[in-house]
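A quick write-up on the structure given underneath.
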Amino acid sequence: MGEYFQLLRRDLRGALPAPQWPADIRLEHYHEELAPAIHAVLLLGYQQGGGRVAPLEQWCQQFVTDAEFDPTLCIVASNASGIVGVAQCWTSAYIKNLVIHPNAQGQGLGRALLQQVFQVFQQRREGFVDLKVLETNVRARRLYESASMVFVLRDLLPEE
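Residue numbers (the working numbering): 37 to 196.
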């Protein structure tokens, strides 16, 4: 028996709440020098909640070869200790990865990154943004639902 995911959607028409950032957070976008650190945070996040990310070299190459990968849609949150959160989105108004470093969880960073993503896609004139979340990842589902993301469909995860 396989695992199920839920597709969730956020309508971007109308006013959106502004992100409320934890103290000392600075934002930047993907660039090659940050790639190993960003990738490490993605891997760390997926140890907790399922999902997967390509090996580093392949993941970096996708920013050059895959039209879905846009460096400006990979939002990186850092503080004095380094990268603490990543929201990697695709050009098709899809949140591919939203990961918060375990040491930075519970401080509102996930919600702020999510709200930042909503604003970015609204500025790009998208009507909505989607993501998939494992049905068993209750903590993430609570965050998404509290940020006005709504259930669209439930499906089996494809076998690897």
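Note that beta-carbon positions come from the ideal geometry of N, C-alpha and C, so glycine has one too. Every value quoted in this text rests on a predicted model; they were computed, and no experiment measured them.
Going by beta-carbon coordinates alone, are residue i and residue j separated by less than 8 Å?
i: V165; j: R46; result: yes
i: N115; j: D60; result: yes
i: F41; j: V169; result: yes
i: I74; j: Y82; result: no
i: F105; j: Q94; result: no
With distances taken from CA atoms, which of the options is nearest residue i?
i: A136; options: Q152, A54, I119; result: Going by the sequence as given, residue 136 is Ile instead of Ala. If we check each option's Cα against that of I136, I119 comes out closest.
i: W57; options: S184, A148, N115; result: A148
i: L167; options: D191, V77, W95; result: D191
i: A90; options: E69, L44, P55, K132; result: K132
i: L134; options: W95, G121, V188; result: G121
i: G144; options: R88, E69, A113; result: A113
i: P194; options: R88, V100, E69, V156; result: R88
i: G146; options: A183, V156, V100; result: A183
i: V100; options: E68, V156, A123; result: E68
i: A54; options: A123, F154, R160; result: F154
Between the alpha carbons of residue i and residue j, how many angstroms are there, rounded?
i: A71; j: G50; result: 34 Å
i: E162; j: G38; result: 33 Å
i: E64; j: L48; result: 23 Å
i: Q158; j: L43; result: 19 Å
i: E225; j: L52; result: The structure shown does not extend to residue 225, since the chain is modelled only from 37 to 196, so the question has no answer here.
i: L189; j: N173; result: 16 Å
i: H142; j: V77; result: The sequence given here has Gly at residue 142, not His. Their backbone Cα atoms lie some 16 Å apart in a straight line.
i: A123; j: V156; result: 11 Å
Residue i lies in the alpha helix (DSSP H); which residues open and close that run?
i: Q124; result: Element bounds for Q124: not the alpha helix (DSSP H) but the beta strand (DSSP E), 118-126.
i: Q143; result: Here Q143 belongs to no alpha helix (DSSP H), and DSSP marks it neither H nor E.
i: E162; result: Neither: E162 is in no alpha helix (DSSP H) and is coded neither H nor E.
Tell me which residue opens and which closes the beta strand (DSSP E) that residue i is part of.
i: T101; result: Premise fails: T101 lies in the alpha helix (DSSP H), 92-101, not in any beta strand (DSSP E).
i: S184; result: S184 -> no beta strand (DSSP E), and no H or E assigned at all.
i: T108; result: 105-115
i: R45; result: 40-47
i: Y130; result: 130-136
Report yes or no: do three or more beta-carbon pairs, one from the stretch 97-111 and one from the stretch 119-131, lie closer than 8 Å? yes
Should the stretch 178-193 be called in touch with the stretch 148-162, which here means at least 3 C-beta pairs below 8 Å? Counting Cβ pairs under 8 Å, three or more are found: they touch.
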